[in-house]
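In what follows, a single structure is set out as structure tokens and then discussed.
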Amino acid sequence: MKITLDQVVKTFDTFRAVHGVSLEIESGELVALLGPSGSGKTTILRMVAGLEYADAGSIHFGDEDATNIPVRERGVGFVFQHYALFPHMTVGENVAFGMKVSKVRRSKDEIARRVEDLLRLVRLEGLGNRFPTQISGGQRQRVALARALAVDPKVLLLDEPFGALDANVRRDLRRWLREIHDELGITTLFVTHDQEEALDLADRVVILNEGRIVQQGTPEDVCRRPGSAFVMKFLGDTNRLAGTATGGIARVSGATVPAPGVGDGPVEILARPVDLGWATAGDGIPAQVARVIDQPQGRRILARIETGEAVELDVPADMQVAASDHGYVSILRGNVFPVS
Amino acid sequence: MRRRILPGLPLSLGITLFYVALIVALPLGALIFKAASLGPEEYWRIVSSSRAIASYRVTALSALAATAFGLVFGLALAWVLVRYEFPGKRFIDALVDLPFALPTAVAGIALTSLFAQNGWLGSILASVGIQVVYTPLGIMVAMFFTSLPFVVRTVQPVLEDLDPALEEAAQSLGGSDGTIFLRVILPLLTPALLAGLSLSFARSLGEFGAVIFIAGNRPSSTEITALLAFIRLEEFNYSAAAAIASVLLFTAFVMLAVTNYLQARALRYMARA
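Order-wise, the sequence lines are chains C and U.
Numbering-wise (numbering that gives the first Met the number 0), the first sequence opens with residue 0 and increments by one.
Numbering-wise (numbering that gives the first Met the number 0), the second sequence opens with residue 0 and increments by one.
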């Protein structure tokens, strides 16, 4: 089911949470709403679910105007950050709840069979008689997903689904959610503040800031062609260097970066730690090492360049470098944005 | 012995046990001892006299009715106080504790004058042929008044802690408001309701001050068990008073045991594997 948001606005008391957001999610797509806290991503998700009503604008499911359809008739599956499992019901009863209260009458056997099928899908067969307090966080989230899928939703919505879980469990569940999505082909929208999660899982990433969409595209688009300094910084560790652009080239003491299409004037050059190089001689920005951090995949140098700005760069594990060494920072790749 | 991190166990446990023994166990022990000083036949004759049995009936039935009424009204009151904002909410919230704060005799006198034939409410009810004072209905009203805070104050915090996401989840799964209340909210409130129920019923069984003013206290009709024990006491018949009181005591114990069991059952989902 295709979801279309058109100029959706939501205001809480005096705080405007969502400013005229328009968004299209194709049928069967898996889309991440990514943004810092307060960016309005959860509010958008809740409006799609019908847990909040939009103050202005419209939300369509396919051709149907869903803007004013109440949540219980909207046919969405919603997965909450803290699972929201009914604590007094067993895992099986939780999954069966939606089928039991549905207007579509199903026989007891039919419900029991479907509960079995869903528990198998989420790999929890045999745990149907446990209570939610008797299973782990990751298992609870899978129960919550099975419960949401039980009502054959047109759309699956997940609010920070892995936010409350350990890093390892989170990574497993992510891959597994992707598999389930590919198997069922259900249109899925999920909210996260974790860029790694969004890039790992989604077909398309929608990046939000202060209630507006700042960029949307495939993970490749947003990673390789960030549209603004905000997107660049939000997606990962970023060095920011002040420079000046003249004739399509940005300069910062001793280093240059191509800046096609950027007008002359002050600019900021943004570069990932892996996009900076380190050498003890040659071209580059003179710098002094403040600290070296050893990590499994290499070494990270924290250095201070001659203008006083701090930079971080990743170098191979076998590079000999120590605190207070002098050297030169080169910019291998960088994105240049005019200073507004 | 295992070493403990939290200090103060011997002292605090000592003080607690001392006071429990002095204030709870000793009087109860004395009561049972006094009642036991009667022979079994004599004991049975006193507790099964027709006047005593009539008093049990009126006390238990009134307490039951008052508790049932309090359960419904108390739940509604707690519900409104937790879930909605309205002017005067804090005032009503404070008012709930009034029956605790008011001397029960004062409550009894106030209720009696209110429900008397010429009182504000009594005169209205009299015009439709309902008499409250000097009937079991009056006893029920007094018991309801003094025990209402128990239900409200036990349910309120549980309702406040209820995760709104549970209701939202139930809604997104297609549940109607009625279904969600019956299948999700009410089961989660059941332990608290049971606790409120047992406290409220136990209090109603033993309520004395508020009841005797409104009840009329006619033997075998509106005489409550606590009053009967009091009358025996005034006749210096201590053993008979103790015998009758022991019946009240026993009933309260059974009641608490039953609700504790039901509560544990209702909370069995909290037990970890």
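Glycine residues also receive a C-beta, built at the ideal position from the N, C-alpha and C atoms.
The structure displayed is predicted, hence computed values, not measured ones.
Pair within 9 Å by beta-carbon distance, F229/C and V30/C: Sequence index remark: in the first sequence, residue 229/C carries index 230 (1-based). Sequence index remark: in the first sequence, residue 30/C carries index 31 (1-based). No; because the gap between Cβ atoms is not below 9 Å, this pair is not in contact.
What separation, rounded to the nearest whole angstrom, lies between the Cα atoms of A272/U and N128/C? For the purposes of this step, residue 272/U is taken as residue 273 along the second sequence, with counting starting at 1. For the purposes of this step, residue 128/C is taken as residue 129 along the first sequence, with counting starting at 1. The predicted position of A272/U is uncertain, since its pLDDT is 43 and thus under 50; no value can be drawn from it.
For the region 35-51 of chain C, which residues have a beta carbon sitting closer than 7 Å to at least one beta carbon of chain U? Those would be A48, L50, in chain order.
Does chain U have any CB closer than 9 Å to the CB of H180/C? Within the first sequence, numbered from 1, the residue matching residue 180/C stands at position 181. For H180/C, the answer is no, since every Cβ of chain U falls outside 9 Å of its Cβ.
Exposure of A108/C, with buried meaning 16 or more beta-carbon neighbours within 10 Å: Numbered from 1 along the first sequence, position 109 holds the residue referred to as residue 108/C. For the sequence presented, residue 108/C should be read as Asp rather than Ala. The residue in question, D108/C, is exposed, as its Cβ has fewer than 16 Cβ neighbours within 10 Å.
Please report the distance separating the alpha-carbon of D263/C from that of S329/C. Here residue 263/C refers to the residue found at position 264 of the first sequence. Here residue 329/C refers to the residue found at position 330 of the first sequence. Going from the Cα of D263/C to the Cα of S329/C covers about 22 Å.
For M269/U, count neighbouring Cβ atoms within 10 angstroms of its own Cβ and tell me buried if that reaches 16, exposed if not. Working through the second sequence from its first residue, we reach residue 269/U at position 270. Exposed: under 16 other Cβ atoms inside 10 Å.
Quick one: is S38/C buried, meaning 16 or more other Cβ sit within 10 Å of its Cβ, or exposed? The sequence position of residue 38/C within the first sequence is 39, counting from 1. By the 10 Å Cβ count, S38/C comes out buried.
Between which two residues does the alpha helix (DSSP H) carrying D171/C extend? Mapped onto the first sequence, residue 171/C falls at position 172. Its alpha helix (DSSP H) spans residues 166-183.
Of the residues V338/C, S21/C, G276/C, P131/C, which one's Cα is nearest the Cα of M318/C? Your numbering for residue 318/C matches position 319 in the first sequence. Of all alpha-carbon atoms in V338/C, S21/C, G276/C, P131/C, the one lying nearest the alpha-carbon of M318/C is that of G276/C.
Return the CA-CA distance between E195/C and L234/C, expressed in angstroms with no decimal places. As a working note, residue 195/C is residue 196 in the first sequence. As a working note, residue 234/C is residue 235 in the first sequence. One C-alpha to the other measures close to 8 Å.
Is it true that the CB of V95/U sits closer than 9 Å to the CB of M142/U? To locate residue 142/U, count along the second sequence from 1; it is residue 143. To locate residue 95/U, count along the second sequence from 1; it is residue 96. No, they are not a contact pair.
Only counting the same chain, and skipping five residues up and downstream in sequence, which positions put a Cβ closer than 7 Å to that of P69/C? Within the first sequence, the letter at position 70 stands for residue 69/C. Here the set comprises G49.
Leaving out five residues before and five after Y42/U in sequence, what residues of the same chain have Cβ atoms less than 6 Å from its Cβ? What you label residue 42/U is simply residue 43 of the second sequence in a count that begins at 1. Shown here for Y42/U: same chain residues with a beta carbon closer than 6 Å to its own, the five before and five after excluded, namely A242 in chain order.
Looking at C-beta atoms only, is the number of pairs between the region 136-149 of chain C and the region 88-99 of chain C that lie closer than 8 Å three or more? Judged by Cβ distances under 8 Å, the region 136-149 of chain C makes contact with the region 88-99 of chain C, as three or more pairs qualify.
By a C-beta neighbour count over all protein chains shown, 10 Å radius and 16 as the cutoff for buried, is Y133/U buried or exposed? Position 134 of the second sequence, counted from the start, is the residue given in the question as residue 133/U. Counting Cβ neighbours within 10 Å, Y133/U comes out buried, since at least 16 surround it.
Pick out the complete alpha helix (DSSP H) segments inside the region 119-148 of chain U, 4 residues or longer, and give them in chain order. Within the region 119-148 of chain U, the complete alpha helix (DSSP H) runs of at least 4 residues fall at 119-126.
Can you tell me which of V221/C, Q287/C, G297/C, A270/C puts its alpha carbon nearest to the alpha carbon of E305/C? By 1-based counting over the first sequence, the position of residue 305/C is 306. Comparing Cα-Cα distances from E305/C to each of V221/C, Q287/C, G297/C, A270/C, the minimum goes to Q287/C.
Within the chosen definition, does the region 8-19 of chain C reach the region 181-188 of chain C through at least 3 CB pairs nearer than 8 Å? Taking one beta carbon from each stretch, the region 8-19 of chain C and the region 181-188 of chain C have fewer than 3 pairs nearer than 8 Å; the two do not touch.
List the residues of chain B that V81/U touches, going by C-beta distances under 9 Å, in chain order. The structure shown contains no chain B; its protein chains are C and U.
Is it true that the CB of R45/C sits closer than 9 Å to the CB of D158/C? Locating residue 158/C in the first sequence gives position 159, where the first residue counts as 1. Locating residue 45/C in the first sequence gives position 46, where the first residue counts as 1. Yes, they are a contact pair.
Can you grab the Cα-Cα spacing for the pair P225/C / N334/C, in whole Å? The count along the first sequence starts at 1 and reaches residue 225/C at position 226. The count along the first sequence starts at 1 and reaches residue 334/C at position 335. Distance between the alpha carbons of P225/C and N334/C is about 8 Å.
Starting from P163/U, trace the alpha helix (DSSP H) in both directions and tell me its first and last residue. Working through the second sequence from its first residue, we reach residue 163/U at position 164. Run containing P163/U: 163-171, per the alpha helix (DSSP H) assignment.
CB contact flag (Q262/U, A194/U, <9 Å): One-based indexing of the second sequence puts residue 262/U at position 263. One-based indexing of the second sequence puts residue 194/U at position 195. For Q262/U and A194/U, yes; Cβs fall inside 9 Å.
Using three-state DSSP, classify R271/C as helix, strand or coil. Position 272 of the first sequence, counted from the start, is the residue given in the question as residue 271/C. Coil.
Identify, in the order they occur along the chain, each residue of the same chain with its Cβ nearer than 8 Å to the Cβ of L113/U, setting aside the five sequence neighbours on each side. In the second sequence, residue 113/U corresponds to position 114, counting from 1. Same-chain partners within the cutoff: W119, L120, G121.
Evaluate A168/U with the Cβ neighbour count: other Cβ atoms within 10 Å of its Cβ, from every protein chain shown; 16 or more gives buried, anything less gives exposed. Along the second sequence, one-based indexing puts residue 168/U at 169. With 16 or more other Cβ atoms within 10 Å, it is buried.
With a Cβ-Cβ cutoff of 9 Å, do G216/C and Y327/C count as a contact? Locating residue 216/C in the first sequence gives position 217, counting from the first residue. Locating residue 327/C in the first sequence gives position 328, counting from the first residue. In terms of Cβ geometry, G216/C and Y327/C do not form a close pair [threshold 9 Å].
DSSP three-state label for V213/C, please. Residue 213/C sits at position 214 when you count from the first residue of the first sequence. DSSP places V213/C in strand when its eight states are reduced to three.
R290/C: beta carbon under 8 Å from a heavy atom of the ligand ATP? The ligand ATP is not among the ligands present in this structure, which contains no ligands whatsoever.
May I ask you to verify whether the region 33-50 of chain U touches the region 96-110 of chain U, counting CB pairs closer than 8 Å and requiring at least 3? The answer is no - the region 96-110 of chain U does not touch the region 33-50 of chain U, with fewer than three Cβ pairs under 8 Å.
Backbone CA spacing between P148/U and L136/U [nearest angstrom]: Within the second sequence, numbered from 1, the residue matching residue 148/U stands at position 149. Within the second sequence, numbered from 1, the residue matching residue 136/U stands at position 137. Near 20 Å, if we compare the C-alpha coordinates of L136/U and P148/U.
Given V23/U as reference, the closest of A77/U, A256/U, L248/U once Cα atoms are compared: Position 24 of the second sequence holds residue 23/U. Of the candidates A77/U, A256/U, L248/U, the residue whose Cα lies closest to the Cα of V23/U is L248/U.
Should L176/C and A145/C be called a contact, given that it needs their Cβ atoms to be closer than 9 Å? As a first step, residue 176/C is located in the first sequence; it is residue number 177 there, counting from the start. As a first step, residue 145/C is located in the first sequence; it is residue number 146 there, counting from the start. No.
Rounded distance between the beta-carbons of R50/U and P218/U, thought under 8 Å: Within the second sequence, the letter at position 219 stands for residue 218/U. Within the second sequence, the letter at position 51 stands for residue 50/U. Contact check for P218/U and R50/U: beta-carbon distance about 6 Å, within the 8 Å limit, so the pair qualifies.
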